[in-house]
Amino acid sequence: MSNRKASFLLASAALIIIFAGCSKKEAPTAAQEQGKDAAQPAAPARPPRNPLKNAYFGDLHLHTGYSMDAFAFGTRTTPEDSYKYAMGETVEYMGKPQKRNAPLDFLAVTDHAEYLGVVRDTIDPNGPFAKTPWYAMMTSTDPKVSGEAFKKLIGSTVVNKPIPEFSDPKLLRSTWEKYEAIADKYNAPGKFTAFIGFEWTSAPQFQNLHRCVIFADKGPEIPFTAFESVDPEALWTYLEQQRKSGMDVIAVPHNGNASNGLMFSTKDMSGKPITRDYAERRMANEPLAEIIQAKGQTDTSPALSPTDEFANFEMWYYLIGSDKKANSATGSYLRQAYGVGQEQQAKLGVNPFKYGIEAGTDFHSGITSTEPSNYPGSHGNQDNDPATVIRATTSVGGEPPTALSSGGLTGVWADENTRESIFAAFKRKETFGTSGTRIKVRMFASWSYPKDMTKQADWIKAA
Ligand SMILES: [Zn+2]
Ligand SMILES: [Zn+2]
Numbered sequence: 000m001s002n003r004k005a006s007f008l009l010a011s012a013a014l015i016i017i018f019a020g021c022s023k024k025e026a027p028t029a030a031q032e033q034g035k036d037a038a039q040p041a042a043p044a045r046p047p048r049n050p051l052k053n054a055y056f057g058d059l060h061l062h063t064g065y066s067m068d069a070f071a072f073g074t075r076t077t078p079e080d081s082y083k084y085a086m087g088e089t090v091e092y093m094g095k096p097q098k099r100n101a102p103l104d105f106l107a108v109t110d111h112a113e114y115l116g117v118v119r120d121t122i123d124p125n126g127p128f129a130k131t132p133w134y135a136m137m138t139s140t141d142p143k144v145s146g147e148a149f150k151k152l153i154g155s156t157v158v159n160k161p162i163p164e165f166s167d168p169k170l171l172r173s174t175w176e177k178y179e180a181i182a183d184k185y186n187a188p189g190k191f192t193a194f195i196g197f198e199w200t201s202a203p204q205f206q207n208l209h210r211c212v213i214f215a216d217k218g219p220e221i222p223f224t225a226f227e228s229v230d231p232e233a234l235w236t237y238l239e240q241q242r243k244s245g246m247d248v249i250a251v252p253h254n255g256n257a258s259n260g261l262m263f264s265t266k267d268m269s270g271k272p273i274t275r276d277y278a279e280r281r282m283a284n285e286p287l288a289e290i291i292q293a294k295g296q297t298d299t300s301p302a303l304s305p306t307d308e309f310a311n312f313e314m315w316y317y318l319i320g321s322d323k324k325a326n327s328a329t330g331s332y333l334r335q336a337y338g339v340g341q342e343q344q345a346k347l348g349v350n351p352f353k354y355g356i357e358a359g360t361d362f363h364s365g366i367t368s369t370e371p372s373n374y375p376g377s378h379g380n381q382d383n384d385p386a387t388v389i390r391a392t393t394s395v396g397g398e399p400p401t402a403l404s405s406g407g408l409t410g411v412w413a414d415e416n417t418r419e420s421i422f423a424a425f426k427r428k429e430t431f432g433t434s435g436t437r438i439k440v441r442m443f444a445s446w447s448y449p450k451d452m453t454k455q456a457d458w459i460k461a462a
């Protein structure tokens with residue numbers, strides 16, 4: 000999808016795009032190609048860097064039982080399970096063993112920062128809620144009682160009014176420390192990259208402005224929640240502070256399709272036209288946008304692209320967590336934003352929407368099961384058995400579970416499978432998104448390529 004835009008933007012330049020490794024079965028990962036078995040704990044020699052770069056595939060958007068909504072759906076997986084599953088190990092999900100056919104090269108677990116891990120704590124007989132009414136409600140054998148407790152919790156996030164005992168910074172800090180340590184434990188330079196991340200879950204009146212936050216290496220003291228602010232500019236301030244203290248970090252917006260036109264609006268949250276400063280900050284903090292995930296694609300819609308016969312691919316029509324339809328006439332989709340961004344560039348001198356592309360799952364299962372032939376559902380008890388999927392008329396976002404797709408994957412061109420190398424690719428936007436396949440998309444562009452360029456033996460190096 001990004002290539003289509005690129006070819007439009009660079010129509011008069013010589014352009015070389017290659018597609019490789021496209022097959023029905025998922026191709027082996029770069030780690031497999033290098034003869035490494037992700038399941039083996041022994042540390043083999045680190046593969047040499049490839050200056051011509053390898054394509055690595057991973058997911059930068061995944062929820063586990065540490066996310067309040069996933070926990071409410073019955074998901075009990077932990078970030079530890081997520082990294083194991085991504086590396087090709089067997090883990091248990093909804094009472095059944097699950098294993099990827101082809102391991103991933105990298106993963107960021109991005110649980111919702113709001114109440115991160117806290118709901119899990121409520122059912123721990125030795126945890127911080129053990130002697131409180133919450134423990135009794137959450138562990139009640141009467142589903143009505145526990146259902147009411149969950150309703151109260153979810154309701155508080157919808158109106159953005161945190162329940163004090165669940166948003167105690169000390170509690171968040173202690174969970175977050177463990178959370179970061181898990182990513183560090185599974186990060187294996189040269190073999191598998193585990194990023195530290197979280198999701199900032201801003202959705203005023205169900206209008207989705209969510210961003211996944213991904214750290215280059217070490218993580219912060221504490222994540223930033225939408226309880227503190229629902230304004231993306233406040234999130235950028237937090238990111239800028241992290242960078243000042245030596246931790247590079249990016250935010251990746253997703254589901255513009257459910258934003259009611261807010262995601263790629265030319266107005267800020269206060270309704271004022273965006274400024275040059277806004278555009279500069281947006282691009283410095285958000286080099287990438289997520290183009291597809293479980294809740295549909297954010298590329299374009301049939302209404303915006305009437306002559307594109309693929310524009311109805313994996314559409315999602317609703318606001319987030321609501322059965323109300325989104326207004327997506329403008330400001331919701333990337334393809335349109337690329338054009339608007341150029342208009343803004345002419346006006347402000349900076350393009351606020353010059354996004355690179357990535358894709359993720361946003362599964363609330365803890366497992367990145369993007370393999371269609373190996374898919375156990377993605378949202379706990381909402382879609383874990385075929386009868387539920389067929390019969391249910393509503394689900395996570397108002398639509399029936401049949402509307403959920405099998406998610407997407409991020410492709411990255413990097414010289415080795417390390418945090419440093421892959422994060423650098425995010426920053427220079429040498430990335431692409433797929434609907435879960437491992438097609439390798441690479442683009443080169445120049446005004447002066449010779450016509451027989453691809454016939455040269457070392458054409459990749461030359462390009
Ligand atoms: Zn989200
Ligand atoms: Zn998410």
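Note that the sequence shown covers residues 0 to 462 in numbering that gives the first Met the number 0.
Just so you know, even glycine gets a beta-carbon here, dropped at the ideal spot from N, CA and C.
From Thr138 to Leu61, what does the alpha carbon distance come to, in whole angstroms?
Here the question's residue 138 lines up with position 139 in the sequence shown. Here the question's residue 61 lines up with position 62 in the sequence shown. When rounded, the distance between both Cα atoms is 26 Å.
For Phe223, does the three-state DSSP call read helix, strand or coil?
As a position in the sequence shown, residue 223 is number 224, starting the count at 1. It is coil, neither helix nor strand.
Could you check if Leu51 is buried or exposed, using at least 16 other CB atoms within 10 Å of its CB as the buried criterion?
Position 52 of the sequence shown, counting from 1, holds the residue named residue 51. Leu51 should be labelled exposed.
Any non-hydrogen atom of ligand 2 closer than 8 Å to Thr369 Cβ
Position 370 of the sequence shown holds residue 369. No, Cβ of Thr369 sits at least 8 Å from all heavy atoms of ligand 2.
Pairing CB atoms from the stretch 244 to 261 with CB atoms from the stretch 278 to 293, are three or more of them under 8 Å?
A contact is defined here as three or more CB-CB pairs under 8 Å, and the stretch 244 to 261 meets this definition with respect to the stretch 278 to 293.
Same chain only: Cβ atoms within 8 Å of Trp133, ignoring 5 sequence neighbours per side
By one-based count along the sequence shown, residue 133 stands at place 134. Only Thr121, Ala148, Glu164 meet the Cβ criterion.
Along the alpha helix (DSSP H) that carries Gly338, what are the first and last residues, could you check?
As a first step, residue 338 is located in the sequence shown; it is residue number 339 there, counting from the start. First-last of the alpha helix (DSSP H) with Gly338: 333 to 347.
Beta-carbon spacing of Leu59, Ala85 below 9 Å:
As a working note, residue 59 is residue 60 in the sequence shown. As a working note, residue 85 is residue 86 in the sequence shown. Cβ distance not < 9 Å, so Leu59 and Ala85 don't count as in contact.
Just to confirm the assignment: which complete beta strand (DSSP E) runs, minimum length 3, are found wholly within the stretch 274 to 342?
Counting whole runs of 3 or more residues, the stretch 274 to 342 contains the beta strand (DSSP E) stretches 287 to 289.
Gln241 - containing alpha helix (DSSP H), residue span:
The count along the sequence shown starts at 1 and reaches residue 241 at position 242. Counted as a single uninterrupted DSSP element, the alpha helix (DSSP H) harbouring Gln241 occupies residues 231 to 243.
Going by DSSP, what residues sit across from Asp58 in a beta bridge?
Working through the sequence shown from its first residue, we reach residue 58 at position 59. Per DSSP, Leu106.
According to the Cβ coordinates, are Lys184 and Gly116 closer than 9 Å?
For the purposes of this step, residue 184 is taken as residue 185 along the sequence shown, with counting starting at 1. For the purposes of this step, residue 116 is taken as residue 117 along the sequence shown, with counting starting at 1. Going by C-beta atoms, Lys184 is not nearer than 9 Å to Gly116.
What did DSSP end up calling Ala250 once you bin it into helix, strand or coil?
For the purposes of this step, residue 250 is taken as residue 251 along the sequence shown, with counting starting at 1. Three-state DSSP puts Ala250 in a strand.
Three-state secondary structure assigned by DSSP to Met442
By 1-based counting over the sequence shown, the position of residue 442 is 443. The answer is strand: DSSP assigns Met442 an E or B state.
Are at least three pairs of beta-carbons, each pair with one atom in the stretch 413 to 424 and one in the stretch 301 to 316, less than 8 Å apart?
With the rule of 3 Cβ pairs closer than 8 Å, the stretch 413 to 424 does not count as touching the stretch 301 to 316.
Taking only the alpha-carbon atoms, compute the straight-line gap between Leu170 and Pro385 and give it to the nearest angstrom.
One-based indexing of the sequence shown puts residue 170 at position 171. One-based indexing of the sequence shown puts residue 385 at position 386. Near 38 Å, if we compare the C-alpha coordinates of Pro385 and Leu170.
Taking 8 Å as the cut-off, is the C-beta of Asp361 nearer than that to any heavy atom in ligand 1?
Taking the first residue of the sequence shown as 1, we reach residue 361 at position 362. Within the cutoff, so yes.
Pull up the distance between the alpha-carbon of Ala462 and that of Tyr448, whole angstroms please.
Stepping through the sequence shown from its first residue, residue 462 is reached at position 463. Stepping through the sequence shown from its first residue, residue 448 is reached at position 449. Between the C-alpha atoms of Ala462 and Tyr448 there is a straight-line separation of about 8 Å.
Cβ atoms of Ile249 and Leu234: under 9 Å apart, would you say?
As a working note, residue 234 is residue 235 in the sequence shown. As a working note, residue 249 is residue 250 in the sequence shown. In this structure, Ile249 does not lie closer than 9 Å to Leu234 by Cβ.
Please go through the stretch 336 to 415 and give each complete beta strand (DSSP E) segment of 3 or more residues, from N-terminal end onward.
Here the runs fully enclosed are 355 to 357, 408 to 413.
Buried or exposed: which applies to Ser269, given that a residue is buried once 16 or more other Cβ atoms fall within 10 Å of its Cβ?
As a first step, residue 269 is located in the sequence shown; it is residue number 270 there, counting from the start. Label assigned to Ser269: exposed.
Backbone CA spacing between Gly435 and Ile366 [nearest angstrom]
Working through the sequence shown from its first residue, we reach residue 435 at position 436. Working through the sequence shown from its first residue, we reach residue 366 at position 367. Looking at the two C-alpha atoms, the distance is approximately 14 Å.
Rounding to the nearest angstrom, what Cα-Cα distance links Met246 and Lys217 in this structure?
In the sequence shown, residue 246 corresponds to position 247, counting from 1. In the sequence shown, residue 217 corresponds to position 218, counting from 1. About 7 Å.
When we look at the beta-carbon of Pro96 and count the other beta-carbons within 10 Å, is it buried (16 or more) or exposed?
Here residue 96 corresponds to residue number 97 of the sequence shown, with the count starting at 1. It is exposed - the Cβ of Pro96 has fewer than 16 other Cβ atoms within 10 Å.
For the structure I just gave you, are there three or more beta carbon pairs, one from the stretch 428 to 442 and one from the stretch 355 to 363, closer than 8 Å?
Flag = yes, the stretch 428 to 442 and the stretch 355 to 363 touch.
Please name the residue in Asp457, Ala257, Asn383 whose C-alpha comes closest to that of Leu318.
Counted from its first residue, the sequence shown places residue 318 at position 319. That would be Ala257, whose Cα lies nearest to the Cα of Leu318.
So, is Ala424 buried or exposed, given that buried needs 16 or more other C-beta atoms within 10 angstroms?
Stepping through the sequence shown from its first residue, residue 424 is reached at position 425. Result: buried.
Please classify Thr63 as buried or exposed, where buried requires at least 16 other C-beta atoms within 10 Å of its C-beta.
On the sequence shown, residue 63 is found 64 positions in, with the first residue counted as 1. Sixteen is the threshold: when 16 or more other Cβ atoms of the shown chains lie within 10 Å of the Cβ of Thr63, as they do, the residue is buried.
DSSP three-state call for Asn2: helix, strand or coil?
For the purposes of this step, residue 2 is taken as residue 3 along the sequence shown, with counting starting at 1. With a pLDDT of only 41 at Asn2, under the threshold of 50, the placement of this residue in the model should not be trusted; the figure read from the coordinates follows. Helix at Asn2.
Please identify the residue among Phe312, Ser327, Thr387 whose C-alpha is closest to the C-alpha of Ser404.
Counting from one through the sequence shown, the residue named residue 404 turns up at place 405. Nearest option by C-alpha distance: Phe312.
For my contact list, Gln292 and Gly407 are in at a C-beta cut-off of 8 Å; report their separation, rounded to the angstrom.
Translated into the one-based positions of the sequence shown, residue 292 becomes position 293. Translated into the one-based positions of the sequence shown, residue 407 becomes position 408. By a beta-carbon distance limit of 8 Å, Gln292 contacts Gly407. Their separation comes to about 6 Å.
What are the residues that DSSP puts in a beta bridge with Arg210?
Stepping through the sequence shown from its first residue, residue 210 is reached at position 211. Looking at the DSSP output, Arg210 bridges to Trp199, Pro252.
Beta-carbon separation of Phe263 and Phe352 under 9 Å?
By one-based count along the sequence shown, residue 263 stands at place 264. By one-based count along the sequence shown, residue 352 stands at place 353. Cβ distance < 9 Å, so Phe263 and Phe352 count as in contact.
Three-state secondary structure (DSSP) of Lys95
Within the sequence shown, numbered from 1, the residue matching residue 95 stands at position 96. Correct three-state label for Lys95: strand.
Could you tell me the distance, in whole angstroms, from the CA atom of Arg427 to the CA atom of Thr156?
One-based indexing of the sequence shown puts residue 427 at position 428. One-based indexing of the sequence shown puts residue 156 at position 157. Put simply, the backbone Cα of Arg427 is about 35 Å away from that of Thr156.
Does the beta carbon of His253 fall short of 8 Å from some heavy atom of ligand 1?
The sequence position of residue 253 within the sequence shown is 254, counting from 1. Correct: His253 has its Cβ closer than 8 Å to ligand 1.
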